[in-house]
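As structure tokens, the structure follows; a few thoughts come after it.
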Amino acid sequence: MVNPIANDAYYQSLQQLQSIDFALVELNLYLDTHPEDNQAIQQFNELRAQRDTMAKAFEGQFGPLMNYGSTTSSQLWNRGPWPWQV
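Last residue of the sequence shown: 86 (our numbering), numbering continuous.
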């Protein structure tokens, strides 16, 4: 596992994930009021798949994205900064 403290790739990957998360939230809000917009649904599904792939790669290289619940990563907990600390 790579030490994320002095690693630009860590911060770049985290920023990409945060950008996709933002777009997914916005699309989710849009689809709440426009549930028949097939293009938006397709875009949401594509971004969701892309996010899942990126999150899996991030966790494999740097450790868990969340501090509870959804990771099966067996990382050392004294390494950081973790995404929830950035």
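Ideal Cβ placement from N, Cα and C applies to all residues, glycine included.
Straight-line Cα distance separating residue j from residue i
i          : j          : result
residue 44 : residue 27 : 6 angstroms
residue 42 : residue 56 : 21 angstroms
residue 29 : residue 15 : 21 angstroms
residue 53 : residue 35 : 25 angstroms
residue 37 : residue 13 : 30 angstroms
residue 31 : residue 64 : 29 angstroms
residue 24 : residue 61 : 23 angstroms
residue 39 : residue 33 : 14 angstroms
residue 66 : residue 10 : 15 angstroms
Coarse secondary structure for residue i, derived from DSSP in three states
i          : result
residue 65 : coil
residue 7  : coil
residue 21 : helix
residue 36 : coil
Quick test of the definition: if touching needs 3 or more C-beta pairs under 8 angstroms, does the stretch 48-55 touch the stretch 12-21? Verdict: yes, contact present.
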